[in-house]
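Residue numbers (the numbering used here), protein chains in the order written: chain V, 2 to 264; chain Z, 11 to 534; chain F, 36 to 424; chain U, 3 to 359; chain X, 4 to 235. Beta carbons are placed, not taken as given, at the ideal position from N, Cα and C, and that holds for glycine. For clarity, every value in this text was computed on a predicted model and none was experimentally measured. The structure appears below as structure tokens.
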Amino acid sequence: MTLNDARIAQQGLDTTHGAILYLEEISVVFDGFRALNKLSLDISVGELRCIIGPNGAGKTTMMDVITGKTRPTSGTAYFGQTMDLSRMSEHQIAHAGIGRKFQRPTVFEQHTVFENLELAMKLDKRVRPTLFARLSSEQRGKIDEILKLIRLNGSEQRLAGLLSHGQKQWLEIGMLLMQEPQLILLDEPVAGMSDAETARTAELLNELRGQHSIVVVEHDMAFVTEIAQQGVVTVLHEGSVLAQGRMEEVQADERVIEVYLGR
Amino acid sequence: MLRKLFLIACLCFARAGYAGIPPDMLAPLAGDDPDARVAAIAAIGALATDDATRLLTALQNGDVYTTPDGKLYIVTDDKAYNPATGAITAPPDGIDGIMINNRLRGAIEEALSALKMFSPDRAQRLAAVTELQKTATLAQAPLIEKALAREQDAEIRELLRLVAATANLQSPQAAKRKAAVEALADSSNANLRPALQAMLTSDADQNVRVAAAHTLQALDSRLARTEFVGNLFYGVSLGSVLLLAALGLAITFGLMGIINMAHGELLMIGAYTTYLCQLAFRRWAPDALDWYLAAALPAAFIVTALVGIVLERTVIRWLYGRPLETLLATWGISLILMQAVRTIFGAQNVEVANPAWMSGGVTVLGSLVLAYNRIAIIVFAALVVAGVWLILNKTRLGLFVRAVMQNRRMAGCVGVSTAKIDMMTFGLGSGIAGLGGVALSQLGNVGPDLGQGYIVDSFMVVVLGGVGQLAGTVIAALGLGEANKFLEPVAGAVLAKIAILVFIIIFIQKRPQGLFAMKGRSAE
Amino acid sequence: ADTIKIGILHSLSGTMAISETSLKDVALMTIDEINAKGGVMGKKLEAVVVDPASNWPLFAEKARGLIAQDKVSVVFGCWTSVSRKSVLPVFKELNSLLFYPVQYEGEELEKNVFYTGAAPNQQAIPAVEYLMSKDGGGAKRFVLLGTDYVYPRTTNKILRAFLKSKGVKDSDIDEVYTPFGHSDYQTIVANIKKFAAGGKTAVISTINGDSNVPFYKELGNAGLKATDVPVVAFSVGEEELRGVDTKPLVGHLAAWNYFESIKNPVNAEFIKKWKAYAVAKKLPNAATVVTNDPMEATYVGIHMWAQAVEKAKSTDTDKVIAAMAGQTYKAPDGFTLTMDATNHHLHKPVFIGEIRPDGQFNVVWKTPGPVRANPWSPYIPGNEGKQKL
Amino acid sequence: MNHPSLFSRRAWTGIVACAVVLAALPLLNLFFADGHALHVPSYMVSLIGKFMCYALAALALDMVWGYAGILSLGHGVFFALGAYAHGMYLMRAIGREGVYQSDLPDFMVFLDWKTYPWFWSGTDSFWVSLALVVLVPGVLAFVFGFFAFRSRIKGVYFSIITQAMTYAFMLLFFRNNTGFGGNNGFTDFKRILGYSISAPGTKATLYLVTLAVLLGALLLCRWIVTSKLGRVLQAVRDSESRLMFIGYNPLWFKLFVWTLSAVLCGIAGALYVPQVGIINPSEMSPANSIEMVIWAAVGGRGTLLGPIIGAFSVNGLKSWFTGAFPNLWLFALGLIFILVTRYLPRGLAGLVRKEQA
Amino acid sequence: MLQVEKINQYYGSSHTLRGVSLELEKGKCMALLGRNGVGKTTLLKCLMGVLPVSAGSVKLEGRDITKLAPHQRARAGIAYVPQGREIFARLTVEENLLMGLATHSGKKAHTIKGEVYELFPVLKEMLHRRGGDLSGGQQQQLAIARALLAEPKLIILDEPTEGIQPSIIKDIGNVIRLLRQRGDIAILLCEQYFDFAHELADQFMVLSRGEVVASGVQTVMNDPEVKRHLAV
Ligand SMILES: Nc1ncnc2c1ncn2[C@@H]1O[C@H](COP(=O)(O)OP(=O)(O)OP(=O)(O)O)[C@@H](O)[C@H]1O
Ligand SMILES: Nc1ncnc2c1ncn2[C@@H]1O[C@H](COP(=O)(O)OP(=O)(O)OP(=O)(O)O)[C@@H](O)[C@H]1O
Ligand SMILES: NC(N)=O
Ligand SMILES: [Mg+2]
Ligand SMILES: [Mg+2]
């Protein structure tokens with residue numbers, strides 16, 4: 002455990018001003034290409050925010066910045082009032098309470114479904130506790146519960162690498178739930194799911210609403226409409242916010258139709 | 011010594027017509043009293059006849075034979091020439107070659123170079139003057155000045171001027187010494203340092219001491235510059251050797267991801283192919299022997315490429331997607347190849363000679379010798395890199411190769427025969443290793459262990475440059491070469507090598523993906 | 036048993052195979068030769084060949100195996116000093132016999148070992164004396180160039196002390212080491228050239244066999260000729276030169292106790308037998324095989340051992356050791372060599388040879404007769420009076 | 003890659019049986035005279051003692067390679083440092099029985115050194131040397147690993163710098179002036195803790211200690227890999243970045259197993275010196291470290307018994323072949339390596355498991 | 004054009020495809036539907052030759068291609084857009100497109116037709132960026148473009164709309180429609196986005212646990228009986 006780790010662990014999350022995530026003037030430049038261009042955004046505690054926008058708008062890049070995968074070229078990113086995400090490493094950010102599902106499903110392919118969930122479980126993730134960790138029956142129960150939720154019960158002893166594309170998506174969502182993060186980032190959670198499954202996912206998100214702050218990126222408009230409800234939908238374009246508002250509003254926005262929805 | 015040289019000087023101009031070499035001059039040569047032999051050589055040299063030159067040259071080349079009763083013959087092409095009489099006969103029975111040792115060889119060279127200073131052949135004069143630079147003494151000064159007076163060639167004149175000055179350093183007249191010292195301010199001859207140093211502290215004349223200090227300073231700064239340029243060259247040269255050794259690996263390992271522990275053995279096979287080509291030329295085309303490399307290059311490429319293809323088809327192809335296992339299999343291959351060569355060619359090294367045009371070197375900046383074989387290898391490395399770069403980046407084959415290595419399954423789905431590309435890529439990497447082997451054969455041992463000496467360095471070069479990055483491999487090889495060559499004079503070869511390794515470790519901390527790291531998402 | 040087993044412990048693979056393989060072959064030839072004459076004490080000799088693969092701990096393991104498992108009476112083997120050091124404890128523990136055929140640094144004397152190669156005073160010192168002589172070029176400055184291991188280090192330590200005793204200043208001695216397998220001698224050759232600018236210089240090379248080719252090639256290309264800066268080598272013999280283009284090397288020197296080019300009937304016979312053996316056994320490159328000093332030392336060693344066994348009428352280690360003292364053998368080097376009564380080293384003649392274009396040596400100097408070994412060099416302080424076991 | 007059947011009942015039986023047989027060998031050697039049917043030659047005992055040291059090193063290596071996916075091409079350095087640390091004690095235990103009859107080891111006398119250099123201080127104590135056996139490789143591994151893992155050096159990049167490390171150490175130890183006996187290293191030991199090192203009883207003891215350590219290490223490693231930490235290590239191997247996104251810091255996990263592995267390797271080296279009787283810098287040559295990898299690969303990487311089986315079989319074959327077919331053994335060994343990779347992707351251990359399945 | 008007869012496939016001991024048969028004609032588009040993990044991707048891989056079948060046969064234009072390797076099938080005229088995009092991450096976008104021309108030769112092998120840029124303008128902008136650096140949707144577009152460039156007789160699309168923005172989904176729909184209308188190409192479309200599939204397909208097939216549980220022409224696709232197999 003480095004000093005930095007210790008500091009963050011002690012600190013805890015400060016959301017006194019009601020927002021859990023602040024992005025301010027974030028720019029990310031790759032060899033001259035601006036993937037994010039002075040993007041500012043904040044997410045309130047308990048909010049479910051949908052983000053849409055054309056391919057290449059910078060949605061995934063934004064998540065990369067939040068989770069520490071990509072360092073912003075300029076701008077600041079804060080988790081709560083006090084945690085400067087740009088100074089934290091990936092594991093510190095995760096530890097502080099941000100969980101993410103990737104656009105392309107990424108699970109531990111050589112581990113079983115069960116182990117994937119076990120590894121993700123919210124526990125002390127330092128070396129010594131990990132060495133001596135043994136699952137309690139309560140923890141087992143929790144895993145079983147999630148297994149049911151993601152409909153992989155019965156497959157818990159299969160290697161995750163052998164799952165189909167859609168099953169991996171679900172497993173990743175399950176891992177996210179095991180982590181019990183305060184802020185959940187979902188990059189295209191229903192890609193590759195059938196309409197029925199999409200509906201179930203929407204249900205699930207609606208259940209989680211309020212308990213966690215959630216950011217969802219999706220191209221499936223029906224799904225977005227379903228979960229956005231009366232909340233704010235943000236449209237990104239060329240690295241910055243193009244439009245923001247309730248779903249009907251953005252859907253009616255000429256510019257959004259032009260660059261994203263099509264006629 | 012002094013008298014001897016005056017003799018030479020006088021006789022040079024009074025060139026007699028044909029007269030055999032007096033037998034009493036020849037007799038000591040066949041004897042075994044070293045002092046008498048040295049004296050005889052000087053005396054023969056002093057004759058300054060064509061026969062004398064011929065005899066001395068023959069002696070140098072080991073073409074002089076003696077009969078048991080002490081008669082001398084120059085034997086070439088089954089003809090015996092009697093230098094005492096001028097008669098040409100068949101070689102008599104029972105003749106035995108006359109051995110010379112270093113001391114005699116030195117004496118012969120000295121005699122010949124004095125003779126050659128007046129040779130009509132420019133190259134011979136140049137060689138003679140260059141030789142004299144090392145040894146010029148006051149006694150030779152009049153002779154040198156005469157030569158200077160006759161010399162037309164500007165370059166040789168300049169050299170002669172320096173040689174004359176060198177000789178005059180020991181002049182008893184202070185003015186002459188001073189003039190000599192000043193003239194030498196343009197010299198880059200390190201051999202002058204001790205003499206100048208001595209003058210600096212102990213010359214009787216104040217002016218000479220001042221001049222000596224000045225010249226010494228000029229000389230030293232020129233030597234320092236020469237040394238710097240020398241190190242630069244040595245670095246490029248070492249770098250190009252590393253590059254040639256590593257380039258094949260940059261393909262088989264860098265591109266294909268095979269931890270190819272048998273890479274060194276492919277280099278070795280290339281070198282042995284060179285050896286076989288040389289043997290073939292010796293046997294069937296001795297006149298063209300100097301060009302055996304022209305045949306060795308394609309031969310080595312083809313042979314190692316074929317070996318590579320066989321290995322790929324029989325072993326490696328089962329291991330795609332299991333890169334770590336390739337370490338084990340190729341280690342086994344390496345053991346087998348080494349032992350096979352040991353069984354066929356013996357455990358000893360075999361002889362691979364540099365062609366004549368690659369022997370020796372060109373002198374630049376006065377004293378720096380750039381060896382021809384090193385220059386040739388630098389040029390060759392540049393050509394091979396250019397070729398590989400063209401193949402990989404400018405041809406369809408190169409595109410397919412890169413595609414297959416990145417995503418074998420999808421490459422198949424778009425219609426690329428991955429098996430064929432795998433085979434060709436491994437063949438190409440192996441073939442290039444073979445070319446590297448040809449180059450290595452020109453510098454060092456050709457033996458069963460040849461490859462073992464390069465395998466670690468090759469991996470370091472490829473990894474330091476960034477796996478799969480041709481440009482990185484080139485820079486890494488040259489960088490390591492230069493670093494090594496600038497450290498070695500300071501730290502010695504052992505510590506320099508350690509320092510380089512430590513440097514690699516630290517460097518990778520800064521660039522954990524090598525010099526030319528792939529950035530962004532595509533790197534994952 | 037009706038045969039006497041003999042262990043042969045030379046690397047047939049790995050880096051040392053280059054040098055050691057031919058020692059194995061010459062040992063087998065010698066054993067055949069002895070057997071053809073009826074063997075020893077009426078029993079045939081039986082060779083047990085193992086491959087310690089240039090791996091020093093494996094030398095110890097194989098030595099133990101030969102002695103304890105195969106029950107050999109004597110072992111002929113080792114080349115590098117470290118391999119010898121590694122097997123020594125085994126020979127001592129199991130009280131067995133090793134014949135070591137290579138020139139080495141001295142500073143050792145073991146009851147269980149017979150040293151048939153040269154000690155420093157039988158090779159290095161005479162070579163330097165020669166270089167300092169008028170015929171040798173009258174060298175005033177010396178570059179001691181070696182591979183970084185114990186043999187060169189020790190030899191150079193002795194030579195430095197020796198040179199000092201001859202009035203050579205420290206500033207006229209340059210000591211340079213390269214790692215094993217070093218192959219880039221550009222800098223070193225440039226430095227030699229620089230050093231040589233300060234006066235008549237000779238290089239004393241203890242470079243390990245492998246690095247010699249690149250060294251000499253560089254030397255030739257840099258235009259340093261034997262007449263300018265002669266190099267005398269202690270590890271370069273006919274076998275090493277087989278793999279070299281010798282034209283640029285002509286005139287450089289080597290010091291040994293035997294050269295193939297020495298003319299005498301015993302040597303002629305030895306060479307003839309070896310060539311015939313190579314052809315008969317289809318050794319690789321049989322047409323170009325050569326003999327060299329360690330091969331002669333092996334040959335002499337085996338014969339002397341056989342004589343000692345005959346004399347002792349037993350292969351018992353202690354009895355053979357006793358019988359070895361004062362053994363003589365008419366060796367290919369042209370002299371009758373004697374095993375010293377007390378120090379287990381051979382009395383050997385010293386030859387200095389210049390490299391010829393054909394890869395053979397032209398003897399330019401030799402001692403009048405065999406020289407007794409001083410394994411404990413008098414030039415190393417504290418060695419006084421340490422000449423016996 | 004999860005091994006509930008890692009040590010099946012049959013595997014346990016096998017381990018216990020092997021341990022009993024191995025433990026019996028030196029006793030059979032001591033108690034039955036040469037010529038008796040049950041006599042085991044000392045040569046055999048010392049050979050197997052050596053193999054057990056190799057097996058321990060291979061096991062240690064496989065902990066980092068097989069489980070955490072960190073391929074070290076420099077484990078020879080830890081092995082050798084452990085051996086040198088212990089060798090220093092053994093050298094000093096020679097006392098004045100060296101050729102120069104000095105308090106200093108012969109090579110120091112030879113270098114004209116008058117006293118021990120600082121880094122030899124305390125090594126006359128057996129216990130200090132034992133501490134060094136653990137500390138020297140451990141600290142080196144910790145420091146090296148800390149920086150390398152912190153810089154996120156992975157894959158071949160890590161492998162190559164470990165190779166550079168061992169190579170640099172080899173060159174350093176080759177230098178006589180470094181103070182570890184140069185090329186010759188340490189040899190000609192006389193006694194350990196006052197007992198003659200060549201006495202049969204001492205040898206049997208060393209052998210049994212080695213066996214005990216090997217078994218202990220096997221159990222320790224088993225405990226680790228079956229714990230949750232073991233699963234984290236495997237996750238490091240398969241997808242390190244994913245692991246970070248769920249809140250683990252891979253640095254400490256890697257450092258833990260890396261350092262542990264180095265220490266085990268050092269211990270293997272320390273057990274090796276007195277039994278083999280020599281330690282010198284060639285143990286640090288890159289090729290030696292690669293051979294350790296080969297043992298693990300032949301036996302089966304990512305298993306615990308695999309590396310042990312691999313070390314025994316490769317070295318056993320090598321010992322046998324070099325004596326039985328001195329001219330051909332490289333062909334045979336090379337071919338075996340190729341065949342194992344081709345037909346036994348999970349190594350020899352995979353063969354056993356396949357039969358069980 | 005494509006005839007698949009009773010193919011079976013196993014992953015180790017699990018029976019993933021059970022006697023799947025299908026027939027697809029030139030100029031027709033078939034939608035392949037089914038829940039997660041029923042074997043859709045597996046079936047497509049078997050058709051492409053990436054996975055071997057244990058029984059059954061695959062015929063293209065009457066020619067048996069069951070035993071052919073993927074590259075031979077590609078040359079026989081099949082193009083494949085796999086699930087998960089599978090673009091060549093370290094090749095540039097342009098080089099990725101050139102790979103789509105791998106089955107062609109001569110001048111044709113070097114000319115990327117402008118049509119693909121009209122369909123996916125973003126590719127033209129990013130011609131020299133590495134494929135792996137593209138956003139998910141951009142990669143998907145690249146994968147489709149690559150397959151189109153091959154000018155195949157049969158194009159296999161595994162969830163081509165995944166991760167693509169709505170306006171471009173419409174464009175892709177238009178392209179598929181166009182291809183279908185041209186009539187010289189058969190299209191096999193595996194799609195979770197029901198409306199999209201419904202709009203484009205001439206016929207459909209539903210898989211469940213490796214078996215064909217429903218199939219027919221487009222008009223019956225909306226039957227509750229069919230939909231039942233898609234519900235969770
Ligand atoms: N390493 C990189 N180098 C160059 N360009 C990059 C790099 N990473 C991302 N980009 C570019 O940045 C832009 C934003 O990509 P990002 O993945 O954030 O888009 P997105 O909004 O998630 O799109 P999608 O909806 O398709 O997933 C894209 O145009 C992409 O090509
Ligand atoms: N390599 C494999 N080994 C074993 N089983 C596998 C493998 N790949 C896939 N499977 C299993 O085969 C079944 C079919 O997988 P497939 O990928 O074909 O499903 P799918 O219908 O394409 O699902 P999705 O809609 O999620 O993409 C799944 O249950 C999956 O877990
Ligand atoms: N003894 C030697 N030459 O190592
Ligand atoms: Mg995205
Ligand atoms: Mg699928």
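| Query | Result |
| --- | --- |
| Contiguous beta strand (DSSP E) assignments of at least 3 residues, all confined to the segment 185–248 of chain F | 208–213 and 236–241 |
| Span separating the alpha-carbon of Phe34 of chain V from that of Val472 of chain Z | 30 Å |
| Other residues of its chain near Ala26 of chain Z: CB distance less than 7 Å, five sequence neighbours each side excluded | Residue placement at Ala26 of chain Z cannot be trusted, given a pLDDT of 42 that sits under 50; the coordinates are not used to answer. |
| Nearest residue (CA-CA) to Leu44 of chain F, options F:Thr50, F:His380, F:Leu58 and F:Gly286 | F:Leu58 |
| 4 or more residues per run - each alpha helix (DSSP H) lying fully within the segment 38–118 of chain V | 60–68 and 91–97 |
| C-beta atoms of Asp209 of chain F and Val178 of chain F nearer than 8 Å | yes |
| Local conformation of Met271 of chain Z per DSSP, three classes | coil |
| Under 8 Å by beta carbon: chain F residues contacting Thr324 of chain U | Val85, Asp86, Pro87, Ala88, Leu93 and Lys97 |
| Any non-hydrogen atom of ligand 5 within 7 Å of Gln240 of chain X CB | No statement about residue 240 of chain X is possible, as the shown extent of chain X runs from 4 to 235 and does not include it. |
| Classification of Thr435 of chain Z by the beta-carbon crowding that lies within 10 angstroms, buried from 16 upward | buried |
| Leu37 of chain V beta carbon less than 8 Å from that of Thr68 of chain V | no |
| Own chain, CB closer than 6 Å to Gly100 of chain V, minus 5 neighbours either side, in chain order | Leu177, Gln180, Pro182 and Ile185 |
| Identified DSSP bridge partners for Ser241 of chain V | V:His238 |
| Proximity of Gly87 of chain X and Lys156 of chain X at Cβ, strictly below 8 Å | no |
| Ligand 3 heavy atom lying under 7 Å from the CB of Thr115 of chain F | yes |
| Local conformation of Asn418 of chain F per DSSP, three classes | coil |
| Pairwise C-alpha distance: Gly140 of chain X and Gly57 of chain V | 7 Å |
| Cβ-heavy atom distance, Ser211 of chain X to ligand 2, below 7 Å | no |
| Counted within 10 angstroms of its Cβ, other Cβ atoms place Lys507 of chain Z as buried (16 or more) or exposed | buried |
| Any non-hydrogen atom of ligand 1 within 7 Å of Gly139 of chain X CB | yes |
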